[in-house]
Amino acid sequence: MRILLASEWFTPDVGGVASHVRDLAINLARRGHEVAILTRKKQGRERSVYNLIELEQVEYFKIFHSLSGNGILKNILNIYNPDVVHAHHAFTPIPLITLRVASVNGFSTVLTNHSAYFYDYDYLLKTLGYIVFPIRTVLRKVDKVIAVSSVAAKFIGSFVSSSKISIIPNGVDTLKFKPYGSRIYRENFDSDFVILYVGRLVHRKGVHLLVESMSYLKKEIPDAKLVIAGSGPLSYTIIEKIEANNLRDRVILLGKISDEELPDLYRSADVFVLPSIYGESFGIVVLEAMASGLPVVASAVGGVKELIKNGENGLLLDNKTPPTIAGHLIELYQDCSLRRKLASKARETAVKKFDWRIISAKIEKVYEETIEKRLNYAITK
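Residue numbers for the sequence shown follow the working numbering, so the first one is 135 and each next one is one higher.
Right, dumping it as structure tokens:
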């Protein structure tokens, strides 16, 4: 098949959608498909590695009113002539305009919804009168919809018929994220009990609560170290909390970590924590940690509950307060057999259910169903 993936974000952009599209493209190519990625223009993209088609920034209002933008996309589609157009994340300009033009011009279309809420709610409210009804019109014409979790399916179900929706989770490269391999980061921590957080430093991720929990660990886990990998608007708040709670020797801020360094970082930790307050449609970092053979403590929110079975392959936080987070970490620190059990089951879950080879095959099947549906419609028309 010739497949066009459309996404607002792509490597080196940070985030779950960008990494999902990259890994999907790689695995579809391994399955023998020709894959191109349609994304926005940005410096630093690896054009020699990926088959990229780049667009200038598209504004929301141009999606439904710009004839020139539609003309450019129509030319791209006609030249590349994909068997299927697969857009990622419905509520950003490039996927929306691509779906609109592809549907109007008779191409098979698939949408993956990665979210369980609107990322930029304030911006959406400002433009609500302009875009909500047109968005609904575009999405209703999509042939098939993939949701990465049941909560993501419920959310997108407000815009499309539930009969079009299939739940296919995110995948993980279990050959890349694995328990064995280099542990260079570990050399910095000796025998410390290393607690790891990977992700954006934003309020909804709850990383500030994790920092506060370190104050409760001082007596019970004297050698505990919290390693935070990521950047974002909450950085200064986190630094203030570190200073206010005298945690300078206990919390290490690494900043943004390259994709190449991540597997080593996971392997160098003893436990992974994602204390999200809300808004986790899936939690790719949780899956990466599980594949790396780490015991995971994560909030029981959104799609995370579909990854972790409490007490079996991880621990779920129902109460996301610093004392509760600390309590779970103390439990894992004191119970080595529980740590080993959760780590082993986490790896097993990742390999058996979420390996990209399994997930890409399921997505390929959706493509085949979409193309067949479009062909049958053309025959009976």
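Note that CB positions come from ideal geometry on N, CA and C, so glycine has one too.
Inter-residue spacing [alpha-carbon to alpha-carbon] between residue i and residue j
i	j	result
Asp307	His154	11 Å
Gly445	Ala423	16 Å
Gly389	Leu207	37 Å
Gln468	Ser296	46 Å
Asn379	Ser426	31 Å
Leu273	Thr226	12 Å
Phe327	Ala152	31 Å
Ile391	Gly364	7 Å
Leu211	Ala281	25 Å
Leu172	Gly417	24 Å
Asn209	Pro313	46 Å
Leu344	Pro356	16 Å
Val336	Ile373	13 Å
Gly291	Ser471	42 Å
Ile492	Gly305	8 Å
Ala477	His220	34 Å
Gly333	Pro216	34 Å
Close beta carbons around residue i, own chain, < 6 Å, minus the five adjacent residues each side
i	result
Glu431	Checking the sequence shown, residue 431 turns out to be Val, not Glu. Val407, Leu449, His462, listed in sequence order.
Val169	Ile137, Ala159, Leu162, Ala163
Pro397	Lys310, Phe311
Ser283	Ser415, Phe416, Gly437, Glu440
Simplified DSSP assignment, three categories, for residue i
i	result
Val282	coil
Asn322	helix
Glu446	coil
Asn379	coil
Ser365	coil
Asp489	strand
Val419	helix
Ala236	helix
Ala358	strand
Leu558	Nothing about residue 558 can be read from this structure; the chain reaches only from 135 to 515.
Gly291	coil
Asn510	helix
Gly461	helix
Lys275	coil
Asp398	helix
Thr226	coil
Ser471	helix
Arg384	coil
Lys479	helix
Leu335	coil
7 Å CB neighbourhood of residue i in its chain, flanking five on each side removed
i	result
Ser249	His223, Ala286, Phe289, Ser415
Val218	Met135, Ile137, Ser242, Val244, Tyr501, Thr504, Ile505
Val294	Leu273, Arg274, Val276, Val279
Gly149	Trp143
Thr483	Met424, Asn447
Leu368	Leu335, Val336, His337, Val341, His342
Per DSSP, the bridge partner or partners of residue i
i	result
Phe406	Leu330, Val430
Ala221	Ala140, Leu245
Gly130	What is shown of the chain runs 135 to 515, which leaves residue 130 out entirely.
Ile301	Ala281
Glu168	Arg136
Leu451	Ser433
Val306	Asp489
With 16 other Cβ atoms within 10 Å as the buried cut-off, status of residue i
i	result
Lys507	exposed
Glu346	buried
Asp256	Summary for Asp256: the model assigns pLDDT 43, below 50, so the residue's position carries little reliability; its value from the coordinates is reported in the next sentence. So Asp256 ends up on the exposed side.
Asp157	buried
Ile213	exposed
Glu377	exposed
Lys375	buried
Ile362	buried
Val238	exposed
Pro457	exposed
Residues of its chain near residue i, where Cβ-Cβ distance is below 8 Å and the 5 sequence neighbours each way are ignored
i	result
Arg165	Ser494, Ala495, Glu498
Ser412	Reading off the sequence, residue 412 comes out as Tyr, not Ser. Around Tyr412: Tyr251, Arg338, Val435, Gly436.
Lys298	Val276, Asp277, Lys278, Val279
Arg382	Ile376
Leu451	Pro409, Val431, Ala432, Ser433, Ala434, Thr458, Ile459, His462
Lys359	Phe323, Asp326, Phe327, Val328, Ile329, Arg384, Val385, Ile386
Asp254	Annotation note: pLDDT 46 at Asp254 (below 50); position unreliable, coordinate value reported separately. Excluding residues within five positions, none has a Cβ falling inside 8 Å.
Beta carbon proximity, residue i to chain C, threshold 8 Å
i	result
Ser249	Any reference to chain C falls outside this structure, which holds one protein chain only.
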